[in-house]
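If you want our numbering, it's the position in the sequence shown, counting the first as 1, plus 84. From the three backbone atoms N, C-alpha and C, an ideal C-beta is built for every residue, glycine too. What you are looking at is a predicted structure, and each value in this text was computed from that prediction instead of being measured. Working notes for the structure below.
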Amino acid sequence: MNFRDLVYRLYARRVEGRLDHDQVPKHIGVILDGNRRWAKASGGSAVQGHQAGADKISELLGWCSETEVEVVTLWMLSTDNFDRPEHELKPLLGIIENTVRNLAADGRWRVHHVGTLDLLPAETQTVLKEAEQSTSHVDGIIVNVAVGYGGRQEIADAVRSLLLEHSERGTTFEELAEIVSTDLISEHLYTRGQPDPDLVIRTSGEQRLSGFMLWQSAHSEYYFCEVFWPAFRKVDFLRALRDYAARHRRYGA
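Spelled out as structure tokens, the structure:
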């Protein structure tokens, strides 16, 4: 261990020691941004960047389990990412599939897919479904893997699901107009039954949501971190929690 590593560990321990565990967010959303830029800065390929980013996920979940977080949503593939060239998209999907398999095999996490399955290749769909089924009994952190996810698409899918459900019940348009509410729409979101994210973290210095959990993040706190996702450290995570705990959440009051 060199001097720099020693100083980092001591600082991380100091931040962790001052963390108020009563103020830890129960649901954290993470926009895993900066894989390609990290790779470019390191002299590597985009694929190497995506793999490094995937490898970081297990570390993050370990930190979350130490701090009593209950739900983690990982934005791994946006609907906009389908515009990327085939030579990059195909290996990225392979990395995502392997990552999801590893999360399911770990035994500590309950994997749940959020996104539009129909947009994904058959193999990716199969991996996501099998991961959900094999971990449905796990009493651990719920890990939402946002693959083929877009916030606007989620709201459109929720409204479509709501309309289809009430059409099957024979509800008239006028009757539905009378009962439709934010709670009713929430029941048809990809994350139905889960608490909304208390904290949303985005790495790489970008300060925007880019469509991430548009409905659920109405009252979320945001933490924008300069570091690229593959270089995200435990101390960066703890700083985000410390920053969150220091804020006074008023929910518009």
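{"Item": "Beta-carbon proximity list for Asp223, same chain, < 8 Å, skipping 5 on both sides", "Value": "Arg194"}
{"Item": "For Trp159, the three-state DSSP class (helix, strand or coil)", "Value": "strand"}
{"Item": "Enclosing beta strand (DSSP E) for Ala230 [first to last residue]", "Value": "Ile225 to Tyr233"}
{"Item": "Residue from Asp190, Thr208, Glu150 and Ala189 with nearest C-alpha to His197", "Value": "Thr208"}
{"Item": "Contact between the region 176-193 and the region 243-251 (3+ Cβ pairs under 8 Å)", "Value": "no"}
{"Item": "Beta-carbon contacts of Val311 that lie in its chain and below 7 Å, excluding the five residues immediately before and after", "Value": "Thr287 and Asp320"}
{"Item": "Runs of alpha helix (DSSP H) wholly within the region 235-269 (minimum 4 residues, chain order)", "Value": "235-253 and 257-263"}
{"Item": "Whether Ser245 touches Pro281 by CB criterion (8 Å)", "Value": "no"}
{"Item": "Start and end residues, beta strand (DSSP E) containing Glu305", "Value": "Glu305 to Phe308"}
{"Item": "Arg194 (DSSP reduced to helix, strand or coil)", "Value": "strand"}
{"Item": "Through-space distance from Gly232 to Thr200, alpha-carbon basis", "Value": "6 Å"}
{"Item": "Chain-order list of residues whose beta-carbon lies under 8 Å from that of Asp241 (same chain, five-residue window excluded)", "Value": "Thr200, His272 and Tyr274"}
{"Item": "Beta-carbon proximity check, Met160 vs Val229, cutoff 8 Å", "Value": "yes"}
{"Item": "8 Å contact criterion, which Asp164 and Trp313 should meet: CB distance rounded", "Value": "Wrong, their Cβ atoms sit about 17 Å apart, outside the cutoff."}
{"Item": "Backbone CA spacing between Leu204 and Ala302 [nearest angstrom]", "Value": "28 Å"}
{"Item": "Start and end residues, alpha helix (DSSP H) containing Gly146", "Value": "Ala130 to Glu150"}
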